[in-house]
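Beneath this line is the structure, given in structure tokens, with notes to follow.
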Amino acid sequence: MRPFRSVTSHALVLDRPDVDTDQIIPKQFLKRIERTGFGEFLFFDWRKDPGFELNRPEAKGARILLAGRNFGCGSSREHAPWALQDYGFDAVVAPSFGDIFRQNSLKIGLLPVELPAGRVKELMARAQAGEELTVDLEARTAGGHPFELDDFSRECLLEGLDDVALTLRDEAPLAAYESAHPAPISTLLI
Amino acid sequence: MGRTLLDRVWESHVVRRADGVPDLLYVDLHLVHEVTSPQAFEGLRLAGRTVRRPDLTLATMDHNVPTGDDTPVDPLSELQLATLARNCEEFGVPLYATGSGREGIVHVIGPELGLTQPGMTIVCGDSHTSTHGAVGALAFGIGTSEVEHVLATQTLSQRRPRSLRIRFVGEPAPGVGAKDYVLAAIGELGVDGGVGHVIEYAGPAIEALSMEGRLTICNMSIEAGARAGLIAPDDVTFAYLEGRPGAPKGAEWERALERWRLLRTDPDASFDRELEIDVAELRPQVTWGTNPGMVVPIDGVVPDPASIDDADTRAAAERALAYMALEPGTPIREIAVARVFIGSCTNSRIEDLRAAAAVVQGRRVHPAVRAMVVPGSAQVKRQAEAEGLDRIFVDAGFEWRRAGCSMCLGMNPDVLAPGERCASTSNRNFEGRQGAGGRTHLVSPAVAAATAIAGHFAEARELTEAHA
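Order-wise, the sequence lines are chains A and B.
Counting from 1 along the first sequence, just add 914 to a position and that's the residue number in this note's numbering.
Counting from 1 along the second sequence, just add 39 to a position and that's the residue number in this note's numbering.
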């Protein structure tokens, strides 16, 4: 995965709650078998509205997205964080995230930052006033506010670690588990 | 301190636990479909890795298969389906392809084949994997990177979620069922109320539900933000599983029952959060907005955003009403629909089709409505046909189609036209979910069937001779 250390950029403000992954990347784009090329379809339906936030001139080049609560709820499609990252975003700051979206983002190096709702609103006001913001993973701060992220996820992001390779280092406990726990089913034998 | 069902299943699957890192959990069953797997298999190929346990992996085709008898597959879907077939062949993963007779929506075929069993851990690159929790399995949706991780290692790194218990008590009124329970719960919790939690559904009203009803409830856990839902297995579960192809047989069945009966939450166990819902107070539920938490009883009216205190929630409600082309105060029953969809991993099982057929029998679909039934699996389709349900639907003017996800998410040709309004038994009423510009209202199979006949939201008991 792509390592993440810190990003400084102007931010796009998308101040609405419960933005679901169907909006981030609609279903007709999930037929691709590649991981890349989703950015141009980001928020495909909403972008048809000329007034949509992503269409405003100040959105151009933004690498930080400031969003409302429960961002990325709904479908498990990793195509949603792929589309955000492919479009150019490196971090999303919101009061909360859909669980699967958050996990998917961590796996690809798109940093999901959780801050209290009031602080996200404050960052939105600063961004709308033209201020550039910094999201710093090493310091665990966003726009100067400290945020929480567990050490393990932080380390994986900072180093861009391949977590399949990490797990495969645990072959001994894995083999021990498998020999102690016979499989309850076999999909090959039904 | 007592242990919860979640604790029991979780603890028995920890492969490795260490300070400061998530638990490494073993996965007992990994379900795979065409949409979220191609990039995962490609990742394995690029790294020279294999599928660790093809015997714990099962693939099917569901999301973008056409459900009409002669509908052609579009080239991109065809490539995606062919890619799944090729990947399964190359990596030795069993595949129930379209036409095999065992294909269907991944969350319908798992329980139907008896592969979904109490106490297991089950994952799939699909958020409605929560469905399988209905048998007492810890089941949750994952993204494609995690699909790759499970293919390669049969494990996942996970932090234990918090626990939330919803107790359903009371006796439901006629016409009120599992879909109404779960929609009401989401309405109460909100679409983010379950974030970070696993929901255990308990109480006498849950115990009184069939397996199909329980699957419907757990299916929609994710719509409250919870990655998984759980119901303790009991005699209903065991009777459902016994004799299915993947279920244990003979002496093994007896041993399995002994283990499964221990899968319960202790009376003194504590939850991070608890909620109680009296189902006697519920009426059939209908969503009015663009997420499943925007829901009211069928007797209700479209709410007025002006009555909402929180500014963000109010703005979201205003946007939802504009998208749905609805005015505050409109009685739900006066809203006319153009389409009715009975299907999806939420409500496409045999009991759902029986409930809908019972309403439809001897009546005609309203002339302004196009209605379709899409069985959840090839097996459900066969069983329904053996029971004559297909004739009831077809005689009433419904389209009777082949198994698949279909218009739940509209990846295949089954989509709403812009502006079309649909009563749907599926799980998401997001903007554009069933087709760009489409307007979705989530309901139970019984309400969907009655609505198809009446042409507007209705219950079976309102249908008169005039509808025959």
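Positions of the beta carbon are idealized from the N, C-alpha and C atoms, including for glycine.
Buried versus exposed, by CB contacts within 10 Å (16 or more), residue i
{"i": "A/Lys941", "result": "buried"}
{"i": "B/Pro287", "result": "buried"}
{"i": "A/Lys945", "result": "buried"}
{"i": "B/Glu313", "result": "exposed"}
{"i": "B/Ala84", "result": "A quick correction: the sequence has Arg, not Ala, at residue 84 of chain B. Burial call: exposed."}
{"i": "B/Asp349", "result": "exposed"}
{"i": "A/Pro1096", "result": "exposed"}
{"i": "A/Thr922", "result": "exposed"}
{"i": "B/Ser139", "result": "exposed"}
{"i": "A/Ser1093", "result": "exposed"}
{"i": "B/Pro150", "result": "buried"}
{"i": "B/Leu365", "result": "buried"}
{"i": "B/Ser184", "result": "buried"}
Backbone CA spacing between residue i and residue j [nearest angstrom]
{"i": "B/Leu513", "j": "B/Arg199", "result": "Outside the shown range of chain B (40 to 507) lies residue 513 of chain B, about which nothing can therefore be said."}
{"i": "B/Ile374", "j": "B/Leu254", "result": "29 Å"}
{"i": "B/Pro157", "j": "B/Glu297", "result": "11 Å"}
{"i": "A/Ile1014", "j": "B/Asp338", "result": "35 Å"}
{"i": "A/Ser1067", "j": "B/Leu177", "result": "23 Å"}
{"i": "B/Pro306", "j": "B/Ala247", "result": "19 Å"}
{"i": "A/Arg949", "j": "B/Arg402", "result": "49 Å"}
{"i": "A/Pro931", "j": "B/Arg358", "result": "11 Å"}
{"i": "B/Ser309", "j": "A/Asn984", "result": "26 Å"}
{"i": "B/Arg500", "j": "A/Glu1062", "result": "53 Å"}
{"i": "B/Arg300", "j": "B/Leu269", "result": "15 Å"}
{"i": "A/Glu1028", "j": "A/Ser990", "result": "19 Å"}
{"i": "B/Val275", "j": "B/Ile389", "result": "16 Å"}
{"i": "B/Leu190", "j": "B/Ser196", "result": "13 Å"}
{"i": "B/Ala295", "j": "B/Gly252", "result": "23 Å"}
{"i": "B/Val132", "j": "B/Gly153", "result": "18 Å"}
{"i": "A/Pro1026", "j": "A/Thr1055", "result": "12 Å"}
{"i": "A/Tyr1001", "j": "A/Gly975", "result": "9 Å"}
{"i": "B/Ala354", "j": "B/Pro344", "result": "8 Å"}
{"i": "B/Gln418", "j": "B/Glu142", "result": "8 Å"}
{"i": "B/Glu291", "j": "B/Val221", "result": "34 Å"}
Residue i: contacting residues in chain A (beta-carbon distance under 9 Å)
{"i": "B/Tyr65", "result": "Leu1088, Tyr1091, Glu1092, His1095"}
{"i": "B/Asn103", "result": "Lys941, Leu944, Lys945"}
{"i": "B/Thr122", "result": "Ile947"}
Per-residue contacts from residue i into chain B (C-beta, under 7 Å)
{"i": "A/Arg961", "result": "Per Cβ cutoff of 7 Å: no residues; A/Arg961 is ~12 Å from chain B at best."}
{"i": "A/Phe1066", "result": "Gly59, Val60, Pro61"}
Beta strand (DSSP E) segment containing residue i, residue limits
{"i": "A/Asp1084", "result": "Counting along the chain, A/Asp1084 falls outside any beta strand (DSSP E), and DSSP gives it neither H nor E."}
{"i": "B/Met411", "result": "409-412"}
{"i": "A/Ile1022", "result": "From DSSP, A/Ile1022 is part of no beta strand (DSSP E) but of the alpha helix (DSSP H) over 1013-1022."}
{"i": "B/Val334", "result": "334-336"}
{"i": "A/Pro1026", "result": "1025-1028"}
C-beta neighbour in chain E for residue i, strict 7 Å
{"i": "B/Asn330", "result": "This model lacks chain E altogether; the protein chains it does include are A and B."}
Interface partners of residue i on chain A, CB under 7 Å
{"i": "B/Val90", "result": "Within chain A, no residue comes near B/Val90; the closest Cβ sits about 11 Å away, beyond 7 Å."}
{"i": "B/Asp94", "result": "Ala1097, Ser1100, Thr1101, Leu1102"}
{"i": "B/Val230", "result": "Asp932, Asn984, Cys987"}
{"i": "B/Pro284", "result": "Ile1104"}
{"i": "B/Leu118", "result": "Ile947"}
{"i": "B/Leu481", "result": "Per Cβ cutoff of 7 Å: no residues; B/Leu481 is ~13 Å from chain A at best."}
beta-carbon residue i near the ligand COA non-hydrogen atom, thresh 6 Å
{"i": "A/Leu944", "result": "Judged by which ligands are present, the structure shown has none, so any question about the ligand COA falls away."}
Unbroken alpha helix (DSSP H) run spanning residue i, endpoints
{"i": "B/His188", "result": "183-192"}
{"i": "B/Thr276", "result": "274-280"}
{"i": "B/His146", "result": "145-151"}
{"i": "A/Ile938", "result": "935-938"}
{"i": "B/Leu296", "result": "289-299"}
{"i": "B/Thr122", "result": "114-130"}
Neighbouring residues, chain A, relative to residue i (Cβ below 8 Å)
{"i": "B/Val517", "result": "The question about residue 517 of chain B has no answer, for chain B in this structure spans 40 to 507."}
{"i": "B/Met450", "result": "Lys941, Gln942, Leu944, Lys945"}
{"i": "B/Ala475", "result": "Pro940, Asp959"}
{"i": "B/Leu115", "result": "Lys945, Arg946"}
Partner residues on chain B for residue i, Cβ-Cβ distance less than 8 Å
{"i": "A/Glu1062", "result": "The premise fails here: A/Glu1062 is roughly 13 Å from chain B at the closest Cβ pair, so nothing lies under 8 Å."}
TODO: Mind checking the stretch 180-196 of chain B against chain A and listing, in chain order, the residues whose C-beta falls within less than 8 Å of any C-beta there?
DONE: Gly180, Ile181, Gly182, Thr183, Ser184, Glu185, Glu187, His188, Ala191, Thr192, Gln193, Thr194, Ser196
TODO: Could you name the residues of the stretch 150-170 of chain B whose beta carbon sits closer than 7 Å to any beta carbon of chain A, in the order they occur along the chain?
DONE: Leu152, Leu154, Gln156, Met159, Gly164, Asp165, Ser166
Task: Short-range partners of chain B found in the stretch 1011-1022 of chain A, where Cβ spacing is below 7 Å - done: Gly1012, Asp1013, Ile1014, Gln1017, Asn1018, Lys1021, Ile1022
- [ ] Output, in sequence order along the chain, the residues in the stretch 129-150 of chain B whose CB is closer than 7 Å to any CB in chain A.
- [x] Pro133
Task: Cβ-based contacts, 7 Å cut-off: residues of the stretch 369-398 of chain B near chain A - done: none
Task: Cβ-based contacts, 7 Å cut-off: residues of the stretch 1073-1084 of chain A near chain B - done: Asp1077, Val1078, Thr1081, Leu1082, Asp1084
Task: Residues from the stretch 349-369 of chain B in contact with chain A, defined by Cβ distance under 8 Å - done: Asp351, Thr352, Ala354, Ala355, Arg358
- [ ] Taking only beta carbons into account, state which residues of the stretch 937-952 of chain A come closer than 9 Å to chain B, listed in chain order.
- [x] Gln937, Pro940, Lys941, Gln942, Leu944, Lys945, Arg946, Ile947, Glu948, Arg949
Task: Under 7 Å (Cβ pairs) to chain A, residues found in the stretch 439-471 of chain B - done: Leu448, Gly449, Met450, Arg467, Phe469, Glu470, Gly471
- [ ] Return the residues of the stretch 916-930 of chain A that lie within a Cβ-Cβ distance of less than 7 Å from chain B, sorted by chain order.
- [x] Arg930
TODO: Please name the residues in the stretch 1028-1060 of chain A whose beta-carbon is closer than 7 Å to at least one beta-carbon of chain B, in chain order.
DONE: none
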